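Structure, as structure tokens:
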Amino acid sequence: MKKVKSKKSKSASRVKKQKTDLITKDMTFIEVMNTSPEAAWILMEQGMQCAGCGLAANETLEQGALAHGIDPEKLLKVLNKGMKIK
């Protein structure tokens, strides 16, 4: 008896390859830092001392990045590349 290989659709295989980002631009800095222990260090390396900032509880990642002259999309890529879930 011959085994028939099942063919997966291309769209199904693409879905598996997509990575879900842990960090989004709408998250506050506190939420970002609570997501991963590495976040505070990564933010500092990017020129943002968020761990000690009073605005960290209410300011979104996008708002803070723009206020510091940093491209929010590039910051998200750096953060999501270095994140490990607690």
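Basically our numbering = 1-based index in the sequence shown + 67.
A virtual CB, placed ideally from N, CA and C, is assigned to each residue, including glycine.
Predicted, not measured: the structure shown is a model, and the values here were computed from it.
Linking A132 to K144 through their CA atoms gives a straight-line distance of about 13 Å. In the three-state reduction of the DSSP assignment, T91 falls in the coil class. Separation of the CB atoms of A107 and A118 is rounded to 4 Å, and the pair is thereby assigned contact status at 8 Å. With contacts defined as CB atoms closer than 8 Å, Q113 and I137 qualify as a contacting pair. The Cβ neighbour count for M111, taken over all protein chains shown within 10 Å, is under 16; the residue is labelled exposed.
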